[in-house]
Every structure is written in C-alpha cells, then in structure tokens.
Amino acid sequence: MTAMVPRRRAWLRGLDLGLLVAVAGLIAFSLAAIASASYSMNPGDRFYFVRRQALWLAVALAAGVAARLVDYRLLVAWAAPLYLLNLGLLGAVLVVGREAQGAQRWIALGPFDFQPSELAKLIVIITLAAHLGRREVPLCRLRDALPYVLHVSVPLLFVLVQPDLGTSLVLGAVLLGMLYAAGVPGARLAAVMGVGLSVAALSIWAHLNWGFPLPLREYQLNRLLVFLQPGRDPLGAGYHLLQSKIAIGSGDFWGKGLFYGTQNQLNFLPNRHTDFIFSVIGEELGFAGGIAVLGLYCYLVYRILRAARLAGDSQGGFLCVGVASMLSFHVLVNVGMTVGIMPITGIPLPFVSYGGSSLVTSMAGVGLVLNVYGRRSRLRF
C-alpha cells in the first residue's frame with residue numbers, strides 16, 4: 132500500500148495542471164460551438180456531431196494517456212524505425228489511399244479512415260528532436276541546418292503530393308520552430324521565409340501568365356488567389372471568406388448568443404463545424420468569446436514552452452518546442468483565415484474544430500509534453 136503512494140505522487144508530478152486546464156477549457160468551447168454549428172445540419176438528430184466528437188474525445192484521451200506513459204526517451208531511441216514507418220505510411224496513401232474532395236489522404240481501416248499525414252506531424256517532431264539532440268556543433272549557420280531541412284523535406288513532399296497543402300505548411304512551421312530552438316538565428320530564418328514566400332508568389336504569377344506547373348489543385352489555387360484579391364469570385368471561391376468575415380463582424384463584443392447566430396443557423400457559413408468553427412464563436416460569443424479562446428491558446432503554448440525549459444535533456448526540450456510550433460501554427464492560420472489575413476488552407480483549430488484526426492493528434496502531442504514534463508530534471512524547480 133505504501134509503495135503505491137510514491138507511484139501516485141510520481142504520476143501526479145507529471146501532470147501540469149495549468150496545461151490540462153487550458154485543454155479542458157478549449158474542449159468546453161469546442162463542444163458548445165459544435166453543438167450550435169451543427170444544430171441545423173441534421174434536423175433528425177440535432178446533437179449527432181456533438182456525440183461523435185465526444186466519442187473521438189474518448190479516443191483522443193486514450194492517445195494522450197498512451198503518449199504520456201511511454202517514455203519519450205524510448206521513442207527518441209527508435210527514431211530511425213519511426214522515420215521509415217512514416218515514409219512507408221505516406222507512400223501507402225498514394226497507392227491504396229481513398230480519394231475524397233480531390234485529395235488522396237486516407238487509408239480505409241474497416242469502418243474508420245486513417246489519415247497518415249496527421250500521424251506524420253508527431254513522428255516528424257519525435258524524429259527531428261532525436262536528430263537535433265545528436266548534433267555536434269551549434270547551428271549558427273544556415274548550411275549547418277541542411278541535414279535537418281532534408282530530414283523534414285522528404286515526408287513533406289510525400290504529403291504535398293496527396294495534395295495536402297495545410298499539413299505541408301505545418302511540417303514547415305515545425306521545422307522552423309525547432310531550428311530556432313536549436314540556435315539558428317531568427318533573422319536568418321525570417322530571411323528564408325521571405326525568400327520562400329517570394330518564390331511562391333512568383334510561381335503563382337508564372338502559372339497564371341505562362342502556365343508554369345504547380346503542385347496544387349485548382350481549388351487550392353483559387354483559395355490563394357482569393358486571399359491575394361479579396362473581391363475575387365464572391366459567390367465562388369471567395370464565398371467562405373466573405374461569410375466568415377460577416378459572421379465575426381456581426382458578433383460585436385458579447386455576441387448574439389449560442390444558437391442565435393444568423394450566419395450560422397441560417398446556413399450561410401460553410402464548413403462551420405470544422406474549418407470555420409472560430410467564425411461561429413466570433414458571431415455567437417463575440418469579441419469576448421474569441422479573446423477567451425485565444426487567451427487559452429496563449430496559456431497552453433506558454434505551459435508547453437515552460438515544459439521545454441524544464442526538460443531533463445535537449446531532446447525532450449525539442450519535443451515540446453515541436454508540439455508548441457505545431458499547435459501555434461494551426462491557431463495562427465485557422466484564425467487568420469477566418470478574418471482574411473491568411474489564405475484558406477483547411478487547417479483545423481486544435482481541440483476546437485470537429486474531427487477525430489486533429490483531436491487525436493493534438494491530444495497525443497499534449498501527452499508527449501506531459502511525458503517530458505513528468506521526467507524533468509529533479510534539480511529544477
């Protein structure tokens with residue numbers, strides 16, 4: 132009996148209550164927003180999507196607990212097999228994957244659809260953390276970072292071919308965040324980003340004028356063009372953005388109240404329970420609700436970076452930085468696209484958007500952070 136007490140204390144020591152409170156708050160917002168967003172979508176079963184999300188939440192919690200229990204140092208030690216497994220799964224999607232909405236991203240496993248690109252985010256974080264942890268020289272120059280760029284570029288290209296532009300961008304953000312943590316100067320990373328954006332803009336211009344080939348489907352290209360030209364095609368490719376801005380703008384400070392948003396309940400707002408869930412929050416809970424959600428995200432990322440600082444080794448710290456980069460980029464792009472400052476890429480809002488794959492990935496990422504936090508150095512307080 133007495134032996135169980137130290138074990139229980141060790142388990143509790145690994146639970147960052149502040150981090151868990153932030154996640155719980157986001158899930159509460161999620162269930163409320165999904166209930167309102169999907170209320171008029173299925174008149175025969177008003178809360179069908181809420182129940183489905185609750186089931187996915189149970190699966191996500193199991194994934195989070197598993198990620199907390201398996202020693203992250205064991206995962207890091209198995210980085211090479213994990214990397215090969217990741218490439219194998221991403222390659223299998225291109226051969227036996229199921230196609231839907233112009234993209235081939237899923238592998239059918241009985242009644243469920245498995246999306247390897249979601250798992251790829253976590254595997255890239257784990258394997259890149261292992262790679263960076265073995266470095267022998269500080270990454271003060273960009274050329275020193277080339278092996279790590281290549282490390283991420285291979286799975287990124289597999290994902291881009293599916294095509295899945297959103298996940299490709301997430302992997303790029305994870306790479307930049309972890310390279311910055313490894314010592315690459317921020318100014319040089321910003322210069323690389325500037326060059327990348329310039330190349331992307333020139334490629335789109337060359338495609339429109341000379342037919343230069345792009346690894347994008349027509350709908351993805353139209354989304355980028357709408358971002359560059361907001362008034363373009365208001366009833367087609369620009370419809371999502373237009374309705375989203377109307378919804379958020381009409382919410383004022385306190386919002387119209389749950390289940391009372393006109394853009395939401397009258398079906399003007401597309402994809403409102405998935406990609407545009409923040410538009411529902413902005414319309415029905417107003418500026419106050421939106422700030423509350425963003426505040427929870429800021430606190431969540433702060434707790435994750437705190438865990439990185441307290442990590443017992445560099446690889447654990449890089450793991451936490453990778454998860455923080457992944458979640459931060461998701462929030463930045465998703466919220467940004469709903470207000471028109473980011474292109475629409477189909478990136479969900481972590482813990483809030485409806486959908487199982489994203490929720491499981493996000494919860495497993497939090498589990499990894501708790502894993503590192505629970506095994507932090509005893510010399511730090």
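In the numbering used here, the protein residues as written are 132 to 512.
We put the CB at the ideal spot given by N, CA and C, even for glycine.
query, result
"Quick check: the Cα distance between A455 and I435, rounded to an integer number of angstroms?", "6 angstroms"
"How many Å lie between A322 and L347 at the Cα?", "25 angstroms"
"Where does I238 fall in DSSP's three states?", "strand"
"On the DSSP bridge assignment, give the partners of R229 in chain order.", "W237"
"If you drop the 5 nearest sequence neighbours on each side, which residues of the same chain put their C-beta closer than 6 angstroms to that of M187?", "With the sequence shown as reference, residue 187 is identified as Trp, and Met is not the correct amino acid for it. Here the set comprises G487, L490."
"Give the straight-line distance between the Cα atoms of L345 and G219, rounded to the nearest whole angstrom.", "25 angstroms"
"For G175, count neighbouring C-beta atoms within 10 Å of its own C-beta (all shown protein chains included) and say buried if the count is 16 or more, exposed if not.", "exposed"
"Buried or exposed: where does Y214 fall if 16 or more other Cβ atoms within 10 Å of its Cβ makes it buried?", "buried"
"Based on DSSP bridge pairs, tell me the residues matched to F245.", "I238"
"Counting along the chain, where does the alpha helix (DSSP H) carrying M324 start and finish?", "317 to 341"
"Spatial neighbours of P247 within its chain, please: CB distance less than 6 angstroms, with the 5 preceding and 5 following residues excluded, ordered by chain position.", "L220, L221, V224"
"Using beta-carbon positions only, say whether S493 and L458 come within less than 8 angstroms of one another.", "yes"
"Is it the case that the Cβ atoms of S299 and V290 are separated by a distance below 8 angstroms?", "yes"
"Would the region 442 to 455 count as touching the region 301 to 309 if we require 3 or more Cβ pairs under 8 angstroms?", "yes"
"Please classify G498: does DSSP put it in a helix, a strand, or coil?", "helix"
"Going by C-alpha to C-alpha distance, which of G156, G505, T469 sits closest to G448?", "G505"
"Do the region 313 to 321 and the region 271 to 281 touch if we need at least three Cβ pairs shorter than 8 angstroms?", "yes"
"Going by DSSP, what residue range makes up the alpha helix (DSSP H) through A439?", "417 to 441"
"By the 10 Å Cβ neighbour count, where 16 or more other Cβ atoms means buried, how is F384 classified, buried or exposed?", "exposed"
"Thinking just about the alpha-carbon of each residue, which of V196, G303, G496, P474 is nearest to the one in L352?", "P474"
"How many Å lie between L397 and I408 at the Cα?", "15 angstroms"
"Are at least three pairs of beta-carbons, each pair with one atom in the region 477 to 486 and one in the region 157 to 167, less than 8 angstroms apart?", "yes"
"What span of residues does the alpha helix (DSSP H) with P286 cover, start to end?", "277 to 292"
"Roughly how many angstroms separate the alpha carbons of V152 and R182, rounded to a whole number?", "22 angstroms"
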